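Protein chains: 2
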Amino acid sequence: MDEASFLAGYNPRDYPAVAVTVDVVALTIRDGRLCVLLVERGQQPFAGHRALPGGFVRDETLDEAALRELAEETGLTPDTGDVLDRVHVEQLRTYGDPGRDPRMRIVSVAYLAFAPHLPEPVAGSDAARAYWVPVDEAKDLAFDHDQILADGLERARDKLEYTPLATAFVGTAFTISELRQVYAAVWGEELHAGNFHRKVLSVPGFVESTGETAARGGERGGPRARLYRAGDARLLHPALLRPTREDRIR
Amino acid sequence: MDEASFLAGYNPRDYPAVAVTVDVVALTIRDGRLCVLLVERGQQPFAGHRALPGGFVRDETLDEAALRELAEETGLTPDTGDVLDRVHVEQLRTYGDPGRDPRMRIVSVAYLAFAPHLPEPVAGSDAARAYWVPVDEAKDLAFDHDQILADGLERARDKLEYTPLATAFVGTAFTISELRQVYAAVWGEELHAGNFHRKVLSVPGFVESTGETAARGGERGGPRARLYRAGDARLLHPALLRPTREDRIR
DNA sequence: AGAATAGTGTCTTTGAGACATTATTTC
DNA sequence: GAAATAATGTCTCAAAGACACTATTCT
């Protein structure tokens, strides 16, 4: 390639025809269950199947594309509400097997999004056919989205151990009990309340007290819990390791 | 899009013009130092700068593209030697900021490769300008490759803690001391020999004895060490955590 | 009153790490 | 012989987890 062709950029015949999309695994907790945002596909291929929200990358960064797709599918716009400001978005991994889309070569950069509590997608908008589904009921998705979802869940479960990710699922002020329910929902197993409580408070920078107390006690009784907000730690040290299960080790 | 246009695939005007490449962060240990494979760029942009090996994705999976690029740049071909069979390849993350390549929108899927000891790239081949560079001397790389390398190193350092990755840097039979030198090279700090030894042997499935003993003792004296091979564990439990440094926590 | 929950105390076991020690080998 | 290294032993401290217990609030 000489100087002239450099200035002109690549020649389209120099590289294979590929399209790049983003797909978003958006997770939230509703009624104590971990849920993922899915859309109903109206067109071929996989018409009638459910899929992860996503679309072509435009003139924007990949992160911006993911946040934009999430906003469009949930019916939220960056200017109408600051709800989206509190959504945690991170890249998951990229899926590009030839044939994963029957129409053409599509390379999809998958993203994970964690939200405290997004409203139900508004009917009448672009998001008319989007809704939250408990992750254990999200099966038979279009394309390779079953795999993407599985990878996203594994990543989320891992990150709960080493990072304060769980605070992304609760409000700005929360009780230790609420935090524990996040862990229980994502990991799919109950945690010992007393040990969890002491453990969370012992990790520097995980949570800090607001000085406030919850307005009322638990639904079925119990004292009013103290309120906390997220601390400034980026990694939990020591980590909150999952209950050891030998079958996860090999 | 109706059924006819589905059968015809996407129309090129429906999606932005993008090219997809793979870039490979290939790591090995030479003379006790962690090294990365770099190529000298002969053309604009960044002519004369060093860069990570990479190229356009062809009609292949992304993993295959990464392994193919690595083979081409090192001058090894999958059929000439089984050396490449022992290379660990895994996806790192994807870089796609507009403007990261001045010529056009390029989305690059970065890969990590771990090799025990690849030969010096052969002159006269495509790999004529490729060579191994200690990672702390790999600076001012082309494009955003400084960032990609930094991300790759961070990933490698993390994976040493929780996985048997270190065994990918040594031969099929190795001593505990060799394994410790891998950790020291990647983490950039010495480890206590006695504690490391006991720790490695205490992790189920990390290493298993071959029953053999090294042909001779250390270079400057000492008994002949026992030989081990990689075990069947996929995760280390308990993990080999890095020496705690407070500045890594927040 | 009865039940559920928040928060704390205590004990045991495991593991990390500092340090010491012995045996073996090279120069 | 001197120095380095492999491998193991010992001790201390931190942390995980099981369990118990008290105080508070809801129905």
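Line by line, the protein sequences give chains X and E.
Going by the working numbering, the residue at position 173 of the first sequence is 1225; the numbering climbs one at a time, nothing skipped.
Going by the working numbering, the residue at position 153 of the second sequence is 1205; the numbering climbs one at a time, nothing skipped.
We put the beta carbon where it would ideally sit given N, CA and C, even for glycine.
Here the structure is a predicted model, which is why all the values come from computation and not from measurement.
If I follow the unbroken beta strand (DSSP E) through X:Gly1257, where does it start and stop? Position 205 of the first sequence holds residue 1257 of chain X. No beta strand (DSSP E) holds X:Gly1257; DSSP gives it neither H nor E.
Using a Cβ-Cβ cutoff of less than 7 angstroms, which residues in the same chain neighbour E:Pro1295 once the five nearest sequence positions on both sides are dropped? Locating residue 1295 of chain E in the second sequence gives position 243, where the first residue counts as 1. Only Glu1241 meet the Cβ criterion.
Backbone CA spacing between X:Phe1258 and E:Ala1285 [nearest angstrom]: As a working note, residue 1258 of chain X is residue 206 in the first sequence. As a working note, residue 1285 of chain E is residue 233 in the second sequence. About 31 angstroms.
Starting from X:Thr1126 and walking both ways along the alpha helix (DSSP H), at which residues does that stretch end? Counting from one through the first sequence, the residue named residue 1126 of chain X turns up at place 74. Residues 1114-1126.
Reduced DSSP secondary structure (H/G/I, E/B, other) of E:Gly1094: By one-based count along the second sequence, residue 1094 of chain E stands at place 42. DSSP places E:Gly1094 outside both helix and strand once states are collapsed to three, so it counts as coil.
Who does E:Pro1186 pair with in a DSSP beta bridge? For the purposes of this step, residue 1186 of chain E is identified with residue 134 of the second sequence, where counting begins at 1. According to DSSP, which records beta bridges pairwise, E:Pro1186 is partnered with E:Cys1087.
Just mark E:Lys1191 as buried or exposed, buried being the case when its beta carbon has 16 or more other beta carbons within 10 Å. Within the second sequence, residue 1191 of chain E is the residue found at index 139, counting from 1. Exposed, because fewer than 16 other Cβ atoms sit within 10 Å of the Cβ of E:Lys1191.
So, helix, strand or coil for X:Gly1273, using DSSP? For the purposes of this step, residue 1273 of chain X is identified with residue 221 of the first sequence, where counting begins at 1. Note: X:Gly1273 maps to coil in three-state DSSP.
Select from the segment 1192-1217 of chain E all residues with a C-beta closer than 7 angstroms to any C-beta belonging to chain X, and list them in chain order. Of all residues in the segment 1192-1217 of chain E, none has a C-beta nearer than 7 angstroms to a C-beta of chain X.
Which term fits E:Arg1276, buried or exposed, when burial requires 16 or more other beta carbons within 10 angstroms of its beta carbon? As a working mapping, residue 1276 of chain E is identified with position 224 in the second sequence. That one is exposed.
Taking Cβ positions only, does X:Tyr1163 come closer than 7 angstroms to chain E? Here residue 1163 of chain X refers to the residue found at position 111 when the first sequence is read from its first residue. False, the Cβ-Cβ gap to chain E never drops below 7 angstroms.
Of the choices X:Leu1243, X:Ala1167, X:Leu1287, whose alpha-carbon is the least far from that of X:Trp1184? One-based indexing of the first sequence puts residue 1184 of chain X at position 132. When X:Leu1243, X:Ala1167, X:Leu1287 are compared, the shortest CA-CA separation from X:Trp1184 is found for X:Ala1167.
Check whether the Cβ of E:Gly1148 lies closer than 7 angstroms to any Cβ atom in chain X. Position 96 of the second sequence, counted from the start, is the residue given in the question as residue 1148 of chain E. Yes, E:Gly1148 counts as interfacial toward chain X.
When you compare the CB positions of X:Leu1193 and X:Ala1103, do they come within less than 7 angstroms of one another, or not? Against the first sequence, residue 1193 of chain X aligns to sequence position 141. Against the first sequence, residue 1103 of chain X aligns to sequence position 51. At a Cβ-Cβ threshold of 7 angstroms, X:Leu1193 and X:Ala1103 count as neighbours.
Closest to X:Thr1126 by C-alpha separation, out of X:Arg1181, X:Asp1066, X:Glu1112, would be which residue? Position 74 of the first sequence holds residue 1126 of chain X. That would be X:Arg1181, whose Cα lies nearest to the Cα of X:Thr1126.
From the DSSP output, in three-state form, read off E:Phe1248 for me. Taking the first residue of the second sequence as 1, we reach residue 1248 of chain E at position 196. DSSP places E:Phe1248 in helix when its eight states are reduced to three.
Using a beta-carbon distance cut-off of less than 8 angstroms, what residues from the segment 1108-1139 of chain X approach chain E? Cβ contacts with chain E come from Phe1108, Val1109, Arg1110, Asp1111, Glu1112, Thr1113, Leu1114.
Please report the Cβ distance between E:Gln1143 and X:Arg1145, rounded to the nearest whole angstrom; I am assuming they are in contact, meaning their Cβ atoms lie under 8 angstroms. By one-based count along the second sequence, residue 1143 of chain E stands at place 91. By one-based count along the first sequence, residue 1145 of chain X stands at place 93. With 8 angstroms as the limit, E:Gln1143 and X:Arg1145 qualify as a contact, their Cβ atoms being about 6 angstroms apart.
Check whether chain X comes within 7 angstroms of E:Arg1145, counting only Cβ atoms and requiring the distance to be less than that. Indexing the second sequence from 1 puts residue 1145 of chain E at position 93. Using beta-carbon distances, E:Arg1145 counts as an interface residue toward chain X, with a partner under 7 angstroms.
According to DSSP, is X:Arg1157 helix, strand or coil? As a working note, residue 1157 of chain X is residue 105 in the first sequence. The answer is coil: DSSP assigns X:Arg1157 none of H, G, I, E or B.
In the DSSP assignment, find the unbroken alpha helix (DSSP H) run with E:Leu1201 in it and report its ends. Counting from 1 along the second sequence, the entry for residue 1201 of chain E is found at position 149. Its alpha helix (DSSP H) spans residues 1197-1214.
Quick one: is X:Pro1313 buried, meaning 16 or more other Cβ sit within 10 Å of its Cβ, or exposed? In the structure as shown, chain X begins at 1053 and stops at 1302. Residue 1313 of chain X is therefore absent and cannot be evaluated.
Just to make sure I have the definition right: I need the residues of chain E whose C-beta is within less than 7 angstroms of the C-beta of X:Ala1220. Which are they? The residue you call residue 1220 of chain X lines up with position 168 of the first sequence. Those do not exist, as X:Ala1220 stays about 17 angstroms from chain E at its closest Cβ, beyond 7 angstroms.
What is the DSSP secondary structure of E:Asp1284, reduced to helix, strand or coil? Here residue 1284 of chain E corresponds to residue number 232 of the second sequence, with the count starting at 1. Note: E:Asp1284 maps to coil in three-state DSSP.
Quick one: which chain X residues come within Cβ less than 9 angstroms of E:Ala1225? Residue mapping note: residue 1225 of chain E aligns to position 173 of the second sequence, counting from 1. Chain X residues near E:Ala1225: none, gap ~22 angstroms exceeds 9 angstroms.
Ignore the nearest five residues each way along the sequence and tell me which others in X:Pro1068's own chain have a CB closer than 6 angstroms to its CB. By one-based count along the first sequence, residue 1068 of chain X stands at place 16. Closer than 6 angstroms at Cβ, skipping near neighbours: no residue.
DSSP on X:Val1135, reduced to helix/strand/coil? Indexing the first sequence from 1 puts residue 1135 of chain X at position 83. If DSSP states are grouped into helix, strand and coil, X:Val1135 belongs with the helices.
Per DSSP, cross-strand counterpart(s) of E:Glu1142: Walking along the second sequence from the start, residue 1142 of chain E turns up at place 90. According to DSSP, which records beta bridges pairwise, E:Glu1142 is partnered with E:Leu1164.
Kindly indicate if chain E contains any beta-carbon less than 7 angstroms away from that of X:Tyr1280. Residue 1280 of chain X sits at position 228 when you count from the first residue of the first sequence. X:Tyr1280 is outside the set of residues whose beta carbon lies under 7 angstroms from a beta carbon in chain E.
Give every residue of the same chain whose Cβ lies closer than 8 angstroms to the Cβ of X:Leu1293, excluding the five residues on either side of it in the sequence, and list them in chain order. Locating residue 1293 of chain X in the first sequence gives position 241, where the first residue counts as 1. For X:Leu1293, where only same-chain residues beyond five positions count, the Cβ hits under 8 angstroms are Glu1213.
Heavy atom of the ligand MG within 6 angstroms of X:Met1156 beta-carbon: In the structure shown, the ligand MG is absent, as is every other ligand, since no ligand is present at all.
Assign X:Ser1254 to buried or exposed, taking buried as 16 or more other Cβ atoms, counted over all protein chains shown, within 10 Å of its Cβ. In the first sequence, counting from the first residue as 1, residue 1254 of chain X sits at position 202. Exposed.
Does the pairing of the segment 1232-1251 of chain X with the segment 1156-1167 of chain X give three or more beta-carbon distances under 8 angstroms? Cβ pair count under 8 angstroms is below three, so no.
What's the C-alpha gap between X:Val1147 and X:Phe1195? As a working mapping, residue 1147 of chain X is identified with position 95 in the first sequence. As a working mapping, residue 1195 of chain X is identified with position 143 in the first sequence. With the sequence shown as reference, residue 1147 of chain X is identified as Tyr, and Val is not the correct amino acid for it. Distance between the alpha carbons of X:Tyr1147 and X:Phe1195: 11 angstroms.
Along chain X, in chain order, which residues have C-beta atoms closer than 8 angstroms to that of E:Val1070? In the second sequence, the residue the question calls residue 1070 of chain E occupies position 18. Per Cβ cutoff of 8 angstroms: Val1070, Ala1071, Val1072, Val1109.
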